[in-house]
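This report refers to the structure that appears directly beneath it.
Residue numbers (full-length UniProt numbering): 1 to 275.
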């Protein structure tokens, strides 16, 4: 892990040659939600491919760049696209972009994703406030020698999703008259969509929505002491609930369809968090 910390410092040093901007809030944009970048007064953009030793997204809809800028008077950095475990990266590499946010100065991490609905009270197009998560089907990003510079060996996970931030998102949704569900997110490794039996299993375990990202990022953020919140856009219902075959184009299309309301919810939430 000492090698990983040295890698992170080199990545940060490179980025600091491009900008000295200090963001307070980091926002990860999920599949089909990249247009939120239009809400930002941009100061600097850094493509992942330009950062030495950095993983690069290979998935359609994940542009792969940091965008530094302002949402009104709140300094933010956007991750426009993320990397996934199923792309063949190690879990250490998958959370490297999240860990780098901490070195940039980020205090609050706002995670978003496109997810499949498991809760039968959900419908495609719903937003779900993530209140907890299940990550037992993927390797922990903390596996191996502890990264002492970033956090404790055995970090507490009783509140991965900060209650105060969750309250802000609830209040924002109410004020903006946006329907907001709540629930538990489960991460499976992917890249295949889940089988009907796996969807039923996830529901029995207590999950309300399923995807292929986010939970590992939440663990890494909690390890580093970042305050974290998250919203899933339910782009389809899980296999066996939805009767038609699932596909990635559907994920992107629903993300784009819900983008205006998503942007409004996230933007107003960030403004409240930045006060």
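For each residue, glycine too, the CB sits at the ideal point set by N, CA and C. The model shown is predicted, which means the values in this text are computed figures rather than measured ones.
- With respect to residue 235, residue 254 sits close: the two C-beta atoms are nearer than 9 Å.
- The Cβ-Cβ distance between residue 165 and residue 173 does not fall below 9 Å.
- Short of 7 Å from the beta carbon of residue 223, and not among the five residues preceding or following it, lie these beta carbons of its own chain, in chain order: 142, 150, 151, 155.
- It is roughly 23 Å from the alpha-carbon of residue 210 to the alpha-carbon of residue 35.
- Cβ contact annotation for residue 257 (same chain, cutoff 8 Å, sequence separation greater than five): 125, in chain order.
- A Cβ-Cβ distance of about 5 Å is found for the pair residue 80 and residue 29, placing them in contact under the 8 Å criterion.
- About 6 Å separates the beta carbons of residue 25 and residue 274, which is inside the 8 Å limit, making them a contact pair.
- About 7 Å separates the CB atoms of residue 85 and residue 216; that is less than 8 Å, so the two are in contact.
- By the criterion of at least three beta-carbon pairs nearer than 8 Å, the segment 122–136 is not in contact with the segment 64–77.
- The three-state reading of DSSP puts residue 224 in coil, since its state is none of H, G, I, E or B.
- Annotation: the continuous beta strand (DSSP E) that includes residue 66 extends over 65–71.
- DSSP places residue 56 in the coil class of the three-state scheme, outside both helix and strand.
- Assigned with DSSP and collapsed to three states, residue 79 falls in strand.
- Contact check for residue 118 and residue 199: beta-carbon distance about 6 Å, within the 8 Å limit, so the pair qualifies.
- Sequence-distant partners of residue 195 (beyond 5 residues in either direction) whose C-beta falls short of 8 Å from its own C-beta, in its chain, are 239, 240.
- Here residue 134 has 184, 185, 186, 187, 202, 205, 206, 207, 215 as same chain residues with Cβ atoms under 8 Å from its own Cβ, once five neighbours each way along the sequence are excluded.
- Nearest to residue 98 by alpha-carbon distance, out of 18, 83, 89, 88, is 83.
- The beta carbons of residue 232 and residue 168 sit no closer together than 9 Å.
- Each residue's CA atom was taken as its position, placing residue 23 and residue 105 some 6 Å apart.
- Under the three-state reduction of DSSP, residue 114 is assigned to strand.
- For residue 208, the three-state secondary structure derived from DSSP is coil.
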